[in-house]
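Residue numbers (our numbering): 901 to 1415. Let me begin by presenting the structure, written as structure tokens, before commenting on it.
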Ligand code: KIV
Ligand code: ZN
């Protein structure tokens, strides 16, 4: 559907601000590497979000580098970077996004009594002045400045209104009202947005945005209520991931606006057909599975198991189905490839899956495809996608698997021989025993690295169906105070387990700066 068709005389645009790469990445264990962040950002652009909050550049040099790459390379959406209301943060954020087609600086500072008194320990008037100075400073770099009074849903009206008036006067173009702790309920939150719209001088010159957390499971409801009361930008994340219980789920907001258009006379510029693919990409790269009963993108969202429901669906889909899976790209044509499929067919399928790879990456993936097609008769789009994601998260690894042999059985002691190749090309081999072949392999890896890494979670799924399906393993590793997810795929589940462990280990080592 074209943009002009979506807009009608009666409808207004809702801007979708995606914070999957910032608030979403704050989900425990959901760290993404440079390549993974870029891949998610490219897919968000294909999805048609209006604004990508690419990260929090002051948090680390690696974060700044990834945000800068997104700003330089991803065209279409506004690229936004987050900063606390201090010059150093704003300098780093601007440094990261200054080359974006449409840059935005997002500045925040606590505004509720509890944040000001206990976290910031400063007088509200001093903080108000700090907010104004920060917005002015951001504005001297960038015409588009968003201001967020953190914990606004628990702030006092009188203070909040004065603060908002002051930051608007200082140049803010978007005023974001966060329900930082997910405390608000819809009627109350909607009424707060209405009071802001009715009382804050200058509010008609800026966009009102909301940013709802899901601690009470109300993030989407609160966002929709805010729209009814004047919000025109919604901050949301793919699959609803985010700090603690997460943020409002982008796909739920977009689909609710579309399906209940009679209730919400608004439109978005989302390409609905990209929703399902984006959800899967984010889930695979972050290692955060989508619950099967998750609205819109869960595996069961379109499944009907009761006989009565199935009978109704066969007679008329509308009896039990309000969303057609086709709308979100859930029934994309499945072409299966074999070892005889030429390079062209593979490249074509990769393009359909939305991956923009350069010539040498395409060649690398094609060789991986050939290896897989030797082991597995039919290669489905999901298999190909898993290969690429594996390849991406293996970029610049400290350790690569060179050789693996395990022994197990009802009467033998499980053991593993592992040889890893380090990034300086040296080879290191170790033998270990364990409670099973996977445990033995993990013990051998720990011997090689000399690190005692804890395995917190282990999960295995089949990517497609059949006895020769690719096995996909996800692990959660713990080292010192960090937790990280790793992912690996192979037709051999022990190899997939080792790859997942190495994937997580390499991420941990990069984050901890280990050698
Ligand atoms: O939840 C929150 O308040 C935030 C702000 C930085 C917008 O994430
Ligand atoms: Zn947040």
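A virtual CB, placed ideally from N, CA and C, is assigned to each residue, including glycine. Treat the numbers as computed from the prediction; the structure is a model and nothing was measured.
Pull up the DSSP beta-bridge partners for residue 1147, would you. 1113
In whole angstroms, what separates the C-alpha of residue 1269 from that of residue 1287? 8 Å
Is the beta carbon of residue 1064 less than 8 Å from the beta carbon of residue 1038? no
My output table needs one value for residue 982: the three-state DSSP class, helix, strand or coil. strand
Expressed to the nearest angstrom, what Euclidean distance is found between the alpha-carbon atoms of residue 925 and residue 1188? 10 Å
Skipping 5 residues on each side, what residues in its chain have a beta carbon closer than 8 Å to that of residue 1250? 1257, 1262, 1265, 1284 and 1288
Could you tell me the alpha carbon to alpha carbon distance between residue 1109 and residue 1178, rounded to whole angstroms? 23 Å
Within 10 Å of its beta-carbon, does residue 1242 have 16 or more other beta-carbons around it, so buried, or fewer, so exposed? exposed
So which of 1055, 1106 and 1049 has the shortest CA-CA distance to residue 1012? 1055
Just checking residue 957 against the ligand ZN - is the residue's beta carbon closer than 7 Å to any of the ligand's heavy atoms? no
Residue 914 by DSSP, collapsed to three states: which one? coil
At what residues does the beta strand (DSSP E) containing residue 1008 begin and finish? 1003-1010
Would you mind reading off the limits of the alpha helix (DSSP H) that contains residue 962? 961-973
Alpha carbon of residue 1164 to alpha carbon of residue 1157, nearest angstrom: 6 Å
By DSSP's criteria, residue 1358 is part of a beta bridge. Which residues make up the other side? 1375
Option nearest residue 1379 by Cα separation, candidates 1361, 1396 and 1352: 1352
According to the Cβ coordinates, are residue 1230 and residue 1176 closer than 8 Å? yes
Can you tell me whether residue 1389 is buried or exposed? The criterion is at least 16 other CB atoms within 10 Å of its CB, across all chains shown. buried
Kindly examine the ligand ZN and report whether one of its heavy atoms sits closer than 7 Å to the Cβ of residue 1395. no
Buried versus exposed call for residue 1098 [16 or more other C-beta atoms within 10 Å across all chains shown]: exposed
Please say whether residue 1297 and residue 1450 have beta carbons closer to each other than 8 Å? It is not possible to answer for residue 1450, since the shown part of the chain is limited to 901 through 1415.
Element boundaries [beta strand (DSSP E), containing residue 1133]: 1133-1136
Check whether the Cβ of residue 1080 lies closer than 7 Å to any heavy atom of the ligand ZN, and answer yes or no. yes
Residue 976 to residue 948, Cα distance in whole Å? 8 Å
Contact test: residue 1018 Cβ vs the ligand KIV heavy atom, cutoff 7 Å: no
Inter-residue Cα distance where the pair is residue 1084 and residue 1119: 9 Å
Exposed unless 16 or more other CB atoms sit within 10 angstroms - verdict on residue 1172: buried
Cβ-heavy atom distance between residue 1171 and the ligand KIV below 7 Å? no
Can you find a heavy atom of the ligand KIV that lies under 7 Å from the Cβ of residue 1113? yes
Under 8 Å between C-beta atoms of residue 1340 and residue 1311: no
Tell me the rounded alpha-carbon separation between residue 1233 and residue 1087. Because the pLDDT of residue 1233 is 38, which lies under 50, any placement of that residue in the model is unreliable, and the number read from its coordinates should be weighed accordingly. In a straight line, the C-alpha of residue 1233 is about 42 Å away from that of residue 1087.
Measure the alpha-carbon distance for residue 1415 versus residue 1104 and round it to whole angstroms. Residue confidence for residue 1415 is low, a pLDDT of 46 falling below 50, so the modelled location carries little weight; the figure read from the coordinates is stated next. Distance between the alpha carbons of residue 1415 and residue 1104: 54 Å.
Under the DSSP definition of a beta bridge, which residues are partnered with residue 1321? 1300 and 1327
Thinking C-beta only, is residue 967 closer than 8 Å to residue 996? yes
Does DSSP classify residue 1120 as helix, strand or coil? helix
Tell me whether residue 1305 sits in a helix, a strand or coil according to DSSP, three-state version. strand
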